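A.B. asks: Numbering-wise (the working numbering), the sequence shown opens with residue 31 and increments by one.
Pasting a structure here, questions to come.
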Amino acid sequence: MKKIISVIIIIVFVVLLFAVITNYADSARVTTGNEPRFCIKTISADGSKITYIGLGYKVVRYVGVSPNEPFKSNVGVKMGSWFMNYEKPEVKAIKIANVFPGLEEDNGEYFDITDINDVSIIQNILENSKYNRGLCRGINNYSIIMDNETYYLKKDCKELQKGDKQAELTEEDLSAMLEIIEKYEGETSAE
């Protein structure tokens, strides 16, 4: 009987030691933008959420376009215990303002886009654009604020600016954004 108890204690100790080591290794990989290695990967039915289940921990990752895109291209990622519940924060409204011609500042007169379909279209375009190009010399036409992040829409370049990087827009994405913006443009709100 003592032999069985000592074998069980050794097995539990080895499993706990392995859990600590794999958690430490995967935590380091996730914080540096790499996919966890010691986990079982499951993908949601719509392909937008990937869950990695490790020994005592899990990593939840939201992707923009496809579950096959690189780990660094995720929209949201969080690591925690098996009991962690992480849902991507939902955007309820987007603020947009006209930008003064030739200046980098908006006019301070914002209008809110609150229709869930319109918000999701703009959110999808903003989050899934690849911001890896240098800035063009075009004029900022609109200032777009989503989740305390400011983007600038440049119609003449067909690009979105985020910080010091820009993303090229397709003709369809640009026209979809402009159609939504023009629908709400007359309605101003206080910031």
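Backbone N, C-alpha and C fix where the C-beta goes; we use that ideal spot for every residue, glycine too.
All values reported here derive from a predicted model rather than from experimental measurement.
1) For residue 207, count neighbouring Cβ atoms within 10 angstroms of its own Cβ and tell me buried if that reaches 16, exposed if not.
2) So, with DSSP's three-state summary, where would you put residue 46?
3) Might you give, ordered along the chain, the residues of its own chain that have their beta carbon closer than 7 Å to the beta carbon of residue 183, omitting 5 neighbours on each side?
4) Note down, one range per segment and in chain order, each beta strand (DSSP E) of at least 3 residues found wholly within the segment 150 to 215.
5) Name the DSSP bridge partner or partners of residue 110?
6) Compute the Euclidean distance between the alpha carbons of residue 200 and residue 52, then round it to the nearest angstrom.
7) What three-state label does DSSP hand residue 116 in the structure shown?
8) Go through its chain and collect everything with a Cβ distance to residue 155's Cβ below 8 Å, but skip five positions before and after it.
9) Residue 126 and residue 113 - do their beta-carbons sit closer together than 7 Å?
10) Quick check: the Cα distance between residue 111 and residue 92, rounded to an integer number of angstroms?
11) Run through DSSP, which three-state label would residue 58 get?
C.D. replies: In brief:
1) Position 177 of the sequence shown holds residue 207. That one is buried.
2) Translated into positions along the sequence shown, residue 46 becomes position 16. Residue state, collapsed to three classes: helix.
3) The residue labelled residue 183 in the question sits at position 153 within the sequence shown. Taken in chain order, the residues that qualify are 171, 172, 174, 190 and 207.
4) 172 to 176, 179 to 184, 189 to 192 and 195 to 198
5) Taking the sequence shown and counting its residues from 1, one reaches residue 110 at position 80. 88, per the DSSP bridge assignment.
6) To locate residue 200, count along the sequence shown from 1; it is residue 170. To locate residue 52, count along the sequence shown from 1; it is residue 22. Using only the alpha carbons, I get a separation of about 42 Å.
7) Stepping through the sequence shown from its first residue, residue 116 is reached at position 86. Three-state DSSP puts residue 116 in coil, outside helix and strand.
8) Here residue 155 is taken as the residue at index 125 of the sequence shown, counted from 1. Taken in chain order, the residues that qualify are 190, 199, 203, 206 and 207.
9) The residue you call residue 113 lines up with position 83 of the sequence shown. The residue you call residue 126 lines up with position 96 of the sequence shown. No, they are not a contact pair.
10) On the sequence shown, residue 111 is found 81 positions in, with the first residue counted as 1. On the sequence shown, residue 92 is found 62 positions in, with the first residue counted as 1. Each residue's Cα considered, the two are about 17 Å apart.
11) If you number the sequence shown from 1, residue 58 lands on position 28. It is helical.
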